[in-house]
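Asker: After the structure tokens below, expect a handful of questions from me.
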Amino acid sequence: MRIVTWNINSLKARREHVEAFLDDVAPTVLCMQELKMDDPVIDRSIFESRGYHLITHGQRTYNGVAIASRIPMKDTIIGLPEVEEDQRRFTAATIDGVRIVNLYCPQGQNELSDKFQYKLRFYDALIDWIAREHDPAQPFILTGDLNIAPRAVDIFDPEQFRNVPSFHPFEHERWARLLEWGLVDAAVEWFEDGEYTFWDYRGGSFERNLGMRIDHFLVTPPVLARVQGAHIHRDQRGKERASDHAPVELILGE
DNA sequence: ATGACCGCCGGGGGCGGA
Numbered sequence: 001m002r003i004v005t006w007n008i009n010s011l012k013a014r015r016e017h018v019e020a021f022l023d024d025v026a027p028t029v030l031c032m033q034e035l036k037m038d039d040p041v042i043d044r045s046i047f048e049s050r051g052y053h054l055i056t057h058g059q060r061t062y063n064g065v066a067i068a069s070r071i072p073m074k075d076t077i078i079g080l081p082e083v084e085e086d087q088r089r090f091t092a093a094t095i096d097g098v099r100i101v102n103l104y105c106p107q108g109q110n111e112l113s114d115k116f117q118y119k120l121r122f123y124d125a126l127i128d129w130i131a132r133e134h135d136p137a138q139p140f141i142l143t144g145d146l147n148i149a150p151r152a153v154d155i156f157d158p159e160q161f162r163n164v165p166s167f168h169p170f171e172h173e174r175w176a177r178l179l180e181w182g183l184v185d186a187a188v189e190w191f192e193d194g195e196y197t198f199w200d201y202r203g204g205s206f207e208r209n210l211g212m213r214i215d216h217f218l219v220t221p222p223v224l225a226r227v228q229g230a231h232i233h234r235d236q237r238g239k240e241r242a243s244d245h246a247p248v249e250l251i252l253g254e
């Protein structure tokens, strides 16, 4: 099973790139974030014509998440109100016996912003829900645009981002709690330092590799034992009209 | 090199993103 997470930054703007990715890479599961469309205007045929099942939790202008899967999805959750607070950021499904949670976590703007408080509440509610409803001994994947660079090597200038959202100690405290519960950063060991998943549109960040690793796969030990590799589809970020995020792929064996 | 880019809505700039 090959699982990809990709913040596509508007399905409308990225339609052709998504279609080409499905045709060329053909992942088993594609978790998407920032669709920026309401459910009724999402063209499901993009996915269904290629043999994918689809669950969507769309939202106009901002946010919006979806999962496309070649394998039928069970026990789907479309939004978790106590976590999202009316912003559409959460989908979950069980695929081939693996519980997959696809998230678009808040960014936080700056540490004095109400949006940063919302980000911290989002993580607190998420951690409570995971601990209450799940068991680290079972196969579980938390993926998506988590908007946290966990280590100094996961961000191009950790000094500049000291106490800035994406690399803030309060976020690292939440990250540590996820790991304490039993999750493991499954992709990182397959990457070199300085391999990122996001580059800002401004200032030629991609050409200069001024990026961050903020799109992740956090998995429980039964999933970790199946990991055969991970790959950042960096070529996607170099295309014309690219998303500012690259797709990240996790490869699982039987 | 985050005032410097991109997508959104709406039909002009302002907001959000990270």
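Heads up: the first sequence begins at 1 in my numbering, then just goes up one per residue. Cβ coordinates follow ideal geometry from the N, Cα and C atoms, glycine included.
Report the three-state DSSP secondary structure of Val326 (helix, strand or coil).
Answerer: As displayed, the chain neither begins before 1 nor continues past 254, which places residue 326 out of reach and without an answer.
Asker: With a CB to CB cut of under 7 Å and the five nearest residues on each side skipped, what residues in its chain are close to Ile95?
Answerer: For the purposes of this step, residue 95 is identified with residue 95 of the first sequence, where counting begins at 1. The residues are Val29, Ser69, Ile71 and Met73.
Asker: By Cβ distance, which residues of its chain are closer than 8 Å to Glu254, with the 5 residues on each side in sequence left out?
Answerer: Residue mapping note: residue 254 aligns to position 254 of the first sequence, counting from 1. Answer for Glu254: Arg226, listed in chain order.
Asker: Going by alpha carbons, who is nearest to Tyr245 out of Ser10, Ile3 and Arg2?
Answerer: For this step, residue 245 is matched to residue 245 along the first sequence. Per the sequence presented here, residue 245 reads as His, with Tyr not at that position. For the residues Ser10, Ile3 and Arg2, the minimum Cα distance to His245 belongs to Ser10.
Asker: Between which two residues does the beta strand (DSSP E) harbouring Gln228 extend?
Answerer: Against the first sequence, residue 228 aligns to sequence position 228. Note, Gln228: beta strand (DSSP E), Val227 to Ile232.
Asker: Taking 7 Å as the limit between beta carbons, can you name the residues of its chain near Ala131, skipping five residues before and five after?
Answerer: Taking the first residue of the first sequence as position 1, residue 131 is located at position 131. Here the set comprises Trp181.
Asker: When you compare only the Cα positions, how much space is there between Ile78 and Thr56?
Answerer: Mapped onto the first sequence, residue 78 falls at position 78. Mapped onto the first sequence, residue 56 falls at position 56. Answer to the nearest angstrom: the Cα atoms are 7 Å apart.
Asker: Answer yes or no: do Ala149 and Arg213 have a C-beta to C-beta separation smaller than 7 Å?
Answerer: By one-based count along the first sequence, residue 149 stands at place 149. By one-based count along the first sequence, residue 213 stands at place 213. Yes, Cβ-Cβ distance for Ala149 and Arg213 is below 7 Å.
Asker: What is the DSSP secondary structure of Asp43, reduced to helix, strand or coil?
Answerer: As a first step, residue 43 is located in the first sequence; it is residue number 43 there, counting from the start. Note: Asp43 maps to coil in three-state DSSP.
Asker: For Ala262 versus Phe217, is the C-beta spacing smaller than 7 Å?
Answerer: With the chain covering 1 to 254 only, the question about residue 262 has no answer from this structure.
Asker: Taking 7 Å as the limit between beta carbons, can you name the residues of its chain near Ser205, skipping five residues before and five after?
Answerer: For this step, residue 205 is matched to residue 205 along the first sequence. So the list reads Trp199 and Gly211, once near-sequence residues are dropped.
Asker: I need the straight-line Cα distance from Asp23 to His17, nearest angstrom please.
Answerer: As a first step, residue 23 is located in the first sequence; it is residue number 23 there, counting from the start. As a first step, residue 17 is located in the first sequence; it is residue number 17 there, counting from the start. Going by the C-alpha atoms only, they are around 10 Å apart.
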